[in-house]
Amino acid sequence: MAAKFTNESQHIFRFSDFPSDPTLMLPPIQGYEGKPLVSLEEAIFPLIPFVPEVERMASRVKQKHFDGEHGLTDDEAASITLYTMEWKPRQNSFYLILNNTLQEANRNLLEPWFLYLRLIMTSLAKLPSDSNRRIVYRGVTLDLSAQYPKGSIVTWWSFSSCTTSIDVLRNEQFVGQSGTRTLFSINCSSAKNIQRYSFSPVEKEALLPPARQFQVTDSLNSSNGLHIIQLKEIEPEFPLINPVPQPIPHPTTPSMPRLLRLPILSTTPSMLRPPRLPNPPTTPVLSSKPLPNPLATLTLSSEPFSDPPTSLQPPKSNDPDLQKYIDAMYLDQTLTTLNLEHNEIGAKGAQDLANALQINKTLTTLNLGWNKIGDQGARNLANALQVNKVTTILVLLPLNFTS
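What follows is the structure in structure tokens.
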């Protein structure tokens, strides 16, 4: 029988997925951090033999709308959503197969997951951390107190879904308010709030990355079969998982772009190769495939620089290299030709350029040959040209779209 997504009250399983032996020490998790950032589709391709219908799962989450908050690309955001999905039968759920593999002593079994781990760990690294430690909760309808004696050190090698609201666990769909239960109160620094990226936001989910170590600070047995275990996250002597390259924090308030001083040519327009534009120091690289060093060909008129309009700001792009050219289209009133071929611009980049085209008043030629803008990107550009009635713009498109 084919697996299927369930939106029924099955999410209890992800919050009650505990290791059978929390004192077990395994080899560290390493090697994934050197993999490139790729699209979600590319990241799950090696997992097709191991996760039933993983392509269908990935397609489902890519249909979700992401607003780009926290500087996450759509693929990075979708990697979190994919983790939070529950499928029937439960053993086919993506998160369960991943976590079982993370708890295997044979680290070679983890290699097909490296591209996905690189993607989701980068996503979590971009999410904001609380300045102070936060308390999150997990629970299970079992008595686990014997495995967590006071003062002991335990390790959770898998991802751990928690909730920021204890009321969620009190719901009968989770551990309820009667019977044998173990409630974990976790004082931690690494949990990230993924509520807006979860497939079920009502769970107020926070996600602990894998290979976290804790000290049991207290263990209480109360009435009605409830056992309360208090954990405090600690730093191990040596890292249990290699970190991803640290992303530059996403700015909370966008600043006005600085004026790009592009060269002014003689009265006869000509083509030139400008020097590399400097990378903005506060903007993270967010595309799933980083653009090569930009070498755009610009044709400039001899008109002097004009002051840019004050009533508008340049449209924003999550890709810093592309943002430089969008800024130029807005700020440089002498720019007439922009050559962006061979820059691996996708549909999202085409949308950003389309937004800029709607307000540009000087550009006459935009070359997007040898990019991957797709059908939707081409449609967005066409719509932008209908909006811009000021200038006639020739847009040279790649040959790899169908409509």
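Residues 30 to 432 in my numbering are what the sequence shown spells out, letter by letter. For each residue, glycine too, the CB sits at the ideal point set by N, CA and C. Since the structure is predicted, the reported quantities are computational estimates derived from the model, not experimental observations.
Residue 52 and residue 182 have their C-alpha atoms roughly 7 Å apart. Cβ neighbours of residue 220 within its own chain (closer than 7 Å, five residues either side excluded): 163, 165, 191, 235, 236 and 237. Under DSSP, residue 98 takes part in no beta bridge, so it has no partner. Here residue 113 has 227 and 228 as same chain residues with Cβ atoms under 6 Å from its own Cβ, once five neighbours each way along the sequence are excluded.
Here the C-alpha atom of residue 80 lies approximately 10 Å from the C-alpha atom of residue 86. By alpha-carbon distance to residue 366, the top candidate from 346, 76 and 393 is 393.
The closest CA to that of residue 60, considering only 147, 345 and 135, is found on 147. Around the Cβ of residue 254, a 10 Å sphere holds fewer than 16 other Cβ atoms; the residue is exposed.
Under the 10 Å beta carbon count, residue 346 is surrounded by 16 or more other beta carbons and is classified as buried. Residue 83: not part of any beta strand (DSSP E); member of the alpha helix (DSSP H) spanning 83 to 91, first to last residue. Taking a 10 Å sphere around the C-beta of residue 210, we find 16 or more other C-beta atoms and assign the residue as buried. CA-CA distance, residue 123 to residue 145, rounds to 11 Å.
Residue 115 is classed as buried because its beta carbon has at least 16 other beta carbons within 10 Å across all chains shown. Two segments are said to touch when three or more pairs of C-beta atoms, one from each, lie closer than 8 Å; by this definition the segment 380 to 396 does not touch the segment 124 to 143. Beta bridge pairing from DSSP links residue 261 with 216 and 244. With contacts defined by Cβ atoms closer than 8 Å, residue 375 and residue 402 form a contacting pair. Beta-bridge partners of residue 163 (DSSP): 217.
Considering only 111, 378, 271 and 151, the residue with the shortest C-alpha distance to residue 92 is 111. DSSP, reduced to helix, strand and coil, places residue 401 outside both helices and strands of the structure shown, so it counts as coil. The three-state reading of DSSP puts residue 235 in strand, counting E and B together. Of the candidates 98, 373 and 82, 98 places its Cα closest to the Cα of residue 225.
The C-beta separation of residue 125 from residue 46 comes to about 7 Å, placing the pair in contact by the 8 Å criterion.
For residue 168, the three-state secondary structure derived from DSSP is strand.
Look at residue 184 here: in three-state DSSP terms it is strand. Residue environment analysis places residue 119 among the exposed positions, since fewer than 16 neighbouring C-beta atoms fall within 10 angstroms of its C-beta. In the three-state reduction of the DSSP assignment, residue 211 falls in the strand class, which pools E and B. Non-local beta-carbon contacts of residue 62 in its own chain, meaning distances under 6 Å to residues more than five positions away in sequence, involve 271 and 273 in chain order.
Closest in alpha carbon position to residue 134, among 76, 55, 156 and 153, is 55. Membership of residue 152 in the alpha helix (DSSP H) is indicated by the continuous run 143 to 155.
If you draw a straight line from the Cα of residue 76 to the Cα of residue 49, it comes to about 25 Å. Listed in chain order, the non-local C-beta contacts of residue 171 below 7 Å within the same chain comprise 209 and 211, local neighbours out to five positions each way being set aside. In the structure shown, residue 68 falls within a coil segment according to DSSP collapsed to helix, strand and coil. Residue pairing by DSSP places residue 192 opposite 166 and 234 in a beta bridge.
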